[in-house]
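Residue numbers (the numbering used here): 19 to 383.
Glycine included, every Cβ here is placed at the ideal spot set by N, Cα and C.
What follows is a single structure, written as structure tokens, with notes after it.
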């Protein structure tokens, strides 16, 4: 047998002939690949550092602008000498560097201010500090849902006129629903629970919205006092004695019934009277006897469950005619288990709501 090999090739072709194994390397060598990797790594690191510096600079600029608008700037400036505040500021810079949107940086700015204003309370400080550390990990849809839930549970409009109050709340909720309310998703809730923004309790469920919402606005949803009853006569006498009969008005949701012109019982002690002082009208707190009279009239409200359920249903029918509240109603009822907002979640939700609606009253977390 002959070991000779014969090979024929066309013109300009390469001929390779070998007796044994042949390995041909085409393309980049391992050494060249590592060299390319090092070059790209350096470029990527430089880009990341540049973006981080830009985001931190944005935070610093927003913070300076925010401090300049404060009346009590001294308190904020004094905080910069506090080591624990400096740690919070450093963590805010880290979060800003990781933030992919300007909203997170806006919230960080407000959280730093809240750290000054509310940081004297240890529990508040813990919540705010943790919020600063994790805000970059809360996506826009989760932030929207968290803020809406917080707003529903913590804000009512302090007017005795139910139509005006419901309209205001609808507009307020609508302003918070950016980008939009996300539908129920256990992974979403698990994520917020891991971040300690909410606390899940699968052993409980939320009250149905049709039960919960009327309960926080009893001044609108309760039937009140039947105008054909002896209680109505008594209520008028009580209010006439303190010159406050004008506060007893017809219930627009329950014909034949009267109610006090407040959104809930707590507002009875917060009503302001208009008085004339040196030719100028001023708002002053009502006197103790007026407050006592109002509470006495509230105590005359009907306790008939059937009547109150009818009034509550009429109230909810009006509420559901407003699109933003109707959407919240359906969203609220979709949750299969209960969860509450932690102090950290409260700090984030409150700060975001305040960012959107600056005139909101201050609230503890």
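So the candidates are 331, 321, 131, 262; which of them puts its Cα closest to the Cα of residue 229?
Residue 229 sits at position 211 when you count from the first residue of the chain shown. Nearest C-alpha to residue 229: 331.
Could you name each continuous alpha helix (DSSP H) segment of 4 residues or more that falls completely within the region 249-330, going from the start of the chain to the end?
Runs found: 306-316.
What's the call for residue 12, buried or exposed, on a 16-neighbour Cβ count within 10 Å?
Any answer about residue 12 is impossible in this case: the structure gives the chain only from 19 up to 383.
Is the beta carbon of residue 67 less than 8 Å from the beta carbon of residue 346?
Numbered from its first residue, the chain shown carries residue 67 at position 49. Numbered from its first residue, the chain shown carries residue 346 at position 328. Contact flag unset, no.
DSSP on residue 244, reduced to helix/strand/coil?
Position 226 of the chain shown, counting from 1, holds the residue named residue 244. Here residue 244 sits in strand by DSSP.
Can you tell which of 241, 351, 189 has the C-alpha that lies nearest to the C-alpha of residue 340?
Along the chain shown, read from residue 1 onward, the residue named residue 340 stands at position 322. Ranking the options by Cα distance to residue 340, first place goes to 189.
Can the beta-carbon of residue 259 be found less than 8 Å from the beta-carbon of residue 311?
On the chain shown, position 241 is the one that residue 259 refers to. On the chain shown, position 293 is the one that residue 311 refers to. Taking 8 Å as the Cβ cut-off, residue 259 and residue 311 qualify as a contacting pair.
From the DSSP output, read off the bridge partner residues of residue 217.
In the chain shown, residue 217 corresponds to position 199, counting from 1. Residue 217 is bridged to 358.
Can you tell me which of 371, 379, 378 puts its alpha carbon nearest to the alpha carbon of residue 195?
Your numbering for residue 195 matches position 177 in the chain shown. Out of 371, 379, 378, 371 has the C-alpha closest to the C-alpha of residue 195.
Whole angstroms is fine: what's the gap from residue 291's alpha carbon to residue 298's?
Counted from its first residue, the chain shown places residue 291 at position 273. Counted from its first residue, the chain shown places residue 298 at position 280. Going by the C-alpha atoms only, they are around 13 Å apart.
Just checking, does the region 203-214 make contact with the region 229-243 on the three C-beta pairs under 8 Å criterion?
No, they do not touch.
Using 10 angstroms around the beta-carbon of residue 357, count the other beta-carbons present and answer buried if the total reaches 16, otherwise exposed.
Walking along the chain shown from the start, residue 357 turns up at place 339. Buried, because 16 or more other Cβ atoms sit within 10 Å of the Cβ of residue 357.
Do residue 151 and residue 197 have their C-beta atoms closer together than 8 Å?
On the chain shown, position 133 is the one that residue 151 refers to. On the chain shown, position 179 is the one that residue 197 refers to. The answer is no: Cβ separation not under 8 Å.
On the DSSP letters alone, give me the boundaries of the alpha helix (DSSP H) that residue 143 sits inside.
The residue labelled residue 143 in the question sits at position 125 within the chain shown. From DSSP, the alpha helix (DSSP H) with residue 143 extends over 140-152.
Any idea if residue 273 is buried or exposed, counting beta-carbon neighbours within 10 angstroms, 16 or more meaning buried?
Reading the chain shown from its first residue, position 255 is the one you call residue 273. Exposed is the call here.
Residue 266 and residue 254: beta carbons closer than 8 Å?
Start at 1 with the first residue of the chain shown, and residue 266 comes out as number 248. Start at 1 with the first residue of the chain shown, and residue 254 comes out as number 236. Yes, these two residues count as a Cβ contact at 8 Å.
Is the Cβ-Cβ distance between residue 360 and residue 214 less than 8 Å?
Here residue 360 corresponds to residue number 342 of the chain shown, with the count starting at 1. Here residue 214 corresponds to residue number 196 of the chain shown, with the count starting at 1. It is a contact, given that the beta carbons lie within the stated cut-off.
Could you work out which residue in 74, 132, 76 is closest to residue 90 when comparing CA atoms only?
Taking the first residue of the chain shown as position 1, residue 90 is located at position 72. Closest by alpha carbon: 132.
Can you tell me which of the three DSSP states residue 87 falls into?
For the purposes of this step, residue 87 is identified with residue 69 of the chain shown, where counting begins at 1. Three-state result, residue 87: helix.
Are the Cβ atoms of residue 342 and residue 172 separated by less than 8 Å?
In the chain shown, counting from the first residue as 1, residue 342 sits at position 324. In the chain shown, counting from the first residue as 1, residue 172 sits at position 154. The answer is no: Cβ separation not under 8 Å.
Helix, strand or coil for residue 165? Go by DSSP, reduced to three states.
The residue labelled residue 165 in the question sits at position 147 within the chain shown. In this structure, residue 165 counts as helix in the three-state DSSP scheme.
Counting only the same chain and skipping the five closest in sequence on each side, list residues whose C-beta sits under 7 Å from that of residue 85.
In the chain shown, counting from the first residue as 1, residue 85 sits at position 67. Hits under 7 Å: 91, 94.
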